[in-house]
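Keeping their order, the protein sequence lines are chains A and B.
Heads up: the first sequence is residues 605 to 1205, going by my numbering.
Heads up: the second sequence is residues 605 to 1205, going by my numbering.
We put the beta carbon where it would ideally sit given N, CA and C, even for glycine.
There are 2 protein chains.
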Amino acid sequence: MRNVVDDIVAEVVAVCRENRAGALADYIPELAAVAPDTFSLCIATTDGYVYESGDPAIEFTIQSISKPFTYGLALSDRGLAAVAAKIDVEPSGEPFNEISLDPITERPRNPMINAGAITSASLIAGEDAAERFERLRTCFSDYAGRELVMNDAVYASEARTGHRNRAIGHMLRSFDIITDNPDDAVDLYFRQCSIDITCRDLALMAATLANNGTNPVTQQRVLAPDLVERVLSVMTTCGMYDAAGDWVAEVGLPAKSGVGGGVLAVLPGQIGIAVHSPRLDSHGNSVRGVQACRELSKKLELHFMHVTRAARSSIRARYTIAEVPSRKRRTQTEQAALAKFGYLGRIFELHGDLLFAGAESAVREISELRDEVDAVIIDLRRVDEVGGVARRMLADLRHDLSTRGCESVVVDPDGQMRLPGDGKGVVFADVESATEWVEEIILARHCGGDRQPPSVTLADHPLLAPLTSNQLERLQSELKDLEFLRGDVIVRRGDPPAGLFLVLSGEVSTTLTDKDGTTHRITTLSAGMSFGEIPMLTDTDFLVDVRADSRVTVTVLSADGFRKLAAEYPDVKLALLEGMAIGAYAQMEIAIRTLGPTAAR
Amino acid sequence: MRNVVDDIVAEVVAVCRENRAGALADYIPELAAVAPDTFSLCIATTDGYVYESGDPAIEFTIQSISKPFTYGLALSDRGLAAVAAKIDVEPSGEPFNEISLDPITERPRNPMINAGAITSASLIAGEDAAERFERLRTCFSDYAGRELVMNDAVYASEARTGHRNRAIGHMLRSFDIITDNPDDAVDLYFRQCSIDITCRDLALMAATLANNGTNPVTQQRVLAPDLVERVLSVMTTCGMYDAAGDWVAEVGLPAKSGVGGGVLAVLPGQIGIAVHSPRLDSHGNSVRGVQACRELSKKLELHFMHVTRAARSSIRARYTIAEVPSRKRRTQTEQAALAKFGYLGRIFELHGDLLFAGAESAVREISELRDEVDAVIIDLRRVDEVGGVARRMLADLRHDLSTRGCESVVVDPDGQMRLPGDGKGVVFADVESATEWVEEIILARHCGGDRQPPSVTLADHPLLAPLTSNQLERLQSELKDLEFLRGDVIVRRGDPPAGLFLVLSGEVSTTLTDKDGTTHRITTLSAGMSFGEIPMLTDTDFLVDVRADSRVTVTVLSADGFRKLAAEYPDVKLALLEGMAIGAYAQMEIAIRTLGPTAAR
């Protein structure tokens, strides 16, 4: 199904198709015999979707585009240091087939010129020539995600005519860059260059590099991420023959071209691009390939020095717990203390990807408060990715804060941040729990002596305030006290009406568990509050779970008891309804107060 | 105040300080006379904070680090094409002071070698030599954010001994690259190289480049963003003399060094780095400068080919409006229709920065549904930045959807996305309104004939269900009908108790307006619902605003009327309280149902 990207690709293809400049490579008959004006452009995403246009299934030989892949395999086989001892990474400023080494280092200047590429081939591990080629062919196939095969005719021609490359091989042998028979390395190089690919293959090979070395379709890891970084770096400075500087300035993507007419370009982390059109410019790059990459880079804003925006903070919002308190019901004294001292608890919402610069700005701002507040909440729910250095910086920040007596908690529901040094109890899955925890710290520090014990007598329970002492006595005969321990489920979602529950001591939570199995706390109820009214009054099942958060005493008026009372003493029913109506609206008030800021967050 | 970044900087400085390799530049006495082992490392962020270490206030001459800045000013003065006609952008592979041009193009190979830099100087606009230098000096000062001055002694030495550069000047004149007196351009070049800077200045100059050309402290725009992109590209391939390839592979930051011992490096969009230590390696780069950048790049994960993660979708969550309905109260028939057809309305939550690749994956997924759903909501609240191409892609997507009969709305509370072609009414500030809008589309398409008129008679109002007809008659004498028009405020937050409001027809919203002036809809009430109970029962002020969303009829029982009724007919009060308690819990149920998913989002 076409979408807007197909349209953009089609626009680029339409513009470039007009361009018939350049000539076919003609050093072997097979390259000179291809249809000169075939043209294909493919873009592969890092989730493995491929946009195709033109003739994406036409096969052509990979030629020099094989060089970065062979270099990558050599790095895997021998390690960065061993390969660096044989091949430099400096742009040469010379033609790709120069028979010379750097006069000072006496090494090939980089792996993208023939001398460097033949050296890479000589470094591929394997018992014999056949195994070495099979390993290369399999490696290329893994990048493409399908079995690639060598074009025998092209290989035969390359082998028959490749004296210049044989000369390079012997030169490398004479400088001890190659220590075996140089013809073996040159032959392997001819074979790798003769592997047939399509434009679609090439796009997926590029996307595998873009995807940190993992093929986005097969999910096979083909190259380690640090080696991908190295290969892309070398492609950046040396990939487009001696037009590298212009390429970086105009296109700004690591790329490699081949005389088969292919061009491969990579936007790291994002997409792979492939173009195939056989006419070449004087540098040996596909004319339309270069033009198409240039157009795409401009249209799609792909240049790696392109910055979309000026700096922004990774802190999305900042507020105090006085501004956004928890939903926990507090006594008057506690409420007053939190209103007065709530500014000592701060919440910072971070967002985006936390790489060095983003983490730095957040750490700096939070760090400046370390002597001024009692506790901070670092809310990572909207953070997509945390780099290694950012993880270290956040851990150091927390350590630094704690040495100054400032407590910190992290809200990290997915546990993906794996902050080092996090003990249990300081990472919360939701802001509500974190806020409650910070409120407790502030209350302990600033309201220590005045906090009321969390229990009420039956006579003091607010829901029963409208009852006279006579009415209370009548009610009492229908009540039954129950005790629960921390973690007990008192009622479950779906339970039938079980009566009116008055909390006399301890705390209970009402929770909802969603399809994913995540439990969300709706509200915390403490001594003086109640639950079970809806099911009882409307004769419907419970909508939420209710659990004990601590040792809890409740007293229960059963549904039958309520009916009996109501029948015998309508005045008691009236008083109870009044108490319940006021209680319900008070709870709604809390819900509305928290709903507002939640919706705004 | 120290933070963890200071610690990381200190670690790097401690490691590099051990290194005493290299020698001072000695071609003029002023450079040979400096203290050889001074060392400073500064990092400036794109919000203008500077981390300093060592001796950040020691002055040294900018030397070749002036080249990218002069090149940038030449690009501003003459335009990309005119400058490109005089200076190429290819790495040279030759020493910086080579007296030669590219043999084919007959131009300096790039603006970072002396020949290119002298050409850049010759392109600076100005009436005379004094004005041209003053423009350069002011430009450099704007990058640094303070007045910079030229070091007269260094300039005098450079001018006295600079025969090689004069030779380059005359060579440029002989090839008509310079068309005026070449000595003027060479003299300007000597002057620009002799400007004194500190390591702190250099960090801010780098940060100005990182910040898209705007000085992060003064907020002055010094260079246009597209020219910054060009300057950074050239620094990438040609900035570190003939060690550019190794620099890109190992450090991976656009950079420039000078023989004064300075090194400047840029992480686009993020930070500027500056190092000063006068001992140079054989390439003419500061030994400790190179080492410090290498260490920092590794420690802080700054390499520009470094990809933190594999691909991820820019769609954070996807659900149907059947799964997360609006809070609007619906009739039974409507509820049934929405339960059955709600899957035809889809909500897509996007997040992160929408550049090409992110927008592509989102557009592709949404686009595939175009023949299968009635409407989509594209929720951009968590999107940080939208690139130009992403904006076009989203606009095209919406157009494409609408041609298939699929409506789309965008949720964009900040209006920052400025999607082209957006008419009023299709961009919403919140998901709630967008969801209601989509529900209306689905109801219109699939429930057209069956929708009930949105009104109830007094006798049918659910809150009055517990009343007998006698009780209803008694109540009726205390009721007063009121009409409101769309937009009217019925009660305001802070109003005293005004009675019990029963909605008979039309719709009202309860809303909260936060500190920022943003209004959040709490719930929508329609015929058969009520408000005003809390204030009346508890004798407190209104907590929310209530507005008419359409023409509305309500009937009101005043607080006095309620007291009078309660005194005369306790049975009426009982029935009303029962109705209110049931109504309150029903409303809470809705609040809880929406609170759960909201908290989960």
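Ranked by Cα distance from asparagine 815(A), the options Thr841(A), Tyr747(A), Gly856(A), Glu854(A) are led by Tyr747(A).
A straight-line Cα-Cα distance of about 11 Å links methionine 809(A) and valine 867(A). For glutamine 874(B), a Cβ of chain A is located within less than 8 Å of the residue's own Cβ. Thr649, Thr650, Asp651, Tyr653: these are the residues of the segment 636-667 of chain B whose beta carbon lies less than 7 Å from some beta carbon of chain A, given in chain order. Between the alpha carbons of arginine 736(B) and isoleucine 728(B) lies a gap of roughly 6 Å. At a cut-off of 8 Å between beta-carbon atoms, alanine 848(B) makes contact with chain A. Using a Cβ-Cβ cut-off of 8 Å, alanine 1185(A) counts as an interface residue toward chain B, since at least one Cβ of chain B sits closer than that to its own. Judged by DSSP secondary structure, isoleucine 970(A) falls within the alpha helix (DSSP H) whose first and last residues are 960-971. Close CB contacts of threonine 818(A) within its chain, under the 6 Å cut and outside five residues either way in sequence, are with Arg825 (chain order). Assigned with DSSP and collapsed to three states, serine 1059(B) falls in strand. A contact between stretches requires three or more CB pairs, one per stretch, nearer than 8 Å, and the segment 1160-1174 of chain A meets this requirement with the segment 1070-1084 of chain A.
Taking each of Cys897(A), Thr1157(A), Leu906(A), Leu1129(A) in turn and checking the Cα distance to leucine 645(A), the smallest one comes out for Cys897(A). Among the bridge pairs identified by DSSP, leucine 954(A) is matched with Ile919(A). For the 8 Å CB-CB criterion, threonine 642(B) and proline 1017(B) do not form a contact. Nearest Cα to serine 696(B) within the set Asp651(B), His880(B), Gly849(B): Gly849(B).
The closest CA to that of alanine 763(A), considering only Ser1006(A), Ile632(A), Ile612(A), His1003(A), is found on Ile632(A).
Only buried fits proline 858(A), as 16 or more other CB atoms lie within 10 angstroms of its CB.
Arginine 768(A) is classed as exposed because its beta carbon has fewer than 16 other beta carbons within 10 Å across all chains shown. Between the alpha carbons of valine 638(A) and valine 894(A) lies a gap of roughly 19 Å. Apart from sequence neighbours up to five positions away, the residues of its chain that approach cysteine 1010(A) with a beta-carbon distance below 8 Å are Leu973, Arg974, Asp975, Val977, Asp978, Ala979, Val980, ordered along the chain. At a cut-off of 8 Å between beta-carbon atoms, proline 1174(A) makes contact with chain B. The three-state secondary structure of isoleucine 669(B), taken from DSSP, is helix. Within chain B, the C-beta atoms nearer than 8 Å to that of alanine 961(A) come from Thr649, Thr650, Leu871, Gly873, Gln874, Ile875, in chain order.
At a beta-carbon threshold of 8 Å, the residues of chain A lying near aspartate 1004(B) are Asn607, Val608, ordered along the chain. Assigned with DSSP and collapsed to three states, alanine 941(B) falls in helix.
Just measuring C-alpha positions, the residue of Ser965(A), His907(A), Tyr655(A) sitting nearest arginine 920(A) is Ser965(A). Inter-segment contact for the segment 1100-1119 of chain A and the segment 1038-1054 of chain A is absent: fewer than three beta-carbon pairs are separated by less than 8 Å.
Interface criterion met: the Cβ of proline 695(B) is under 8 Å from a Cβ in chain A.
In the three-state DSSP reduction, methionine 909(B) falls in the coil class, being neither helix nor strand. Apart from sequence neighbours up to five positions away, the residues of its chain that approach leucine 1106(B) with a beta-carbon distance below 7 Å are His1065, Leu1067, Ser1134, Val1158, Thr1159, ordered along the chain.
Contact annotation: in the segment 721-746 of chain B, no residue has its CB less than 8 Å from a CB in chain A. The alpha carbon of serine 670(A) has as its nearest neighbour, out of Phe945(A), His955(A), Met716(A), the alpha carbon of Met716(A).
Beta bridge pairing from DSSP links leucine 677(A) with no other residue. If the five residues before and after aspartate 787(B) are omitted, its C-beta is found closer than 8 Å to the C-beta atoms of Arg770, Gly773, all from its own chain and listed in chain order. Taking C-beta atoms as the reference points, methionine 775(A) and isoleucine 691(A) fail to come closer than 8 Å. With 16 or more neighbouring CB atoms inside 10 Å of its own CB, glycine 749(A) falls in the buried class.
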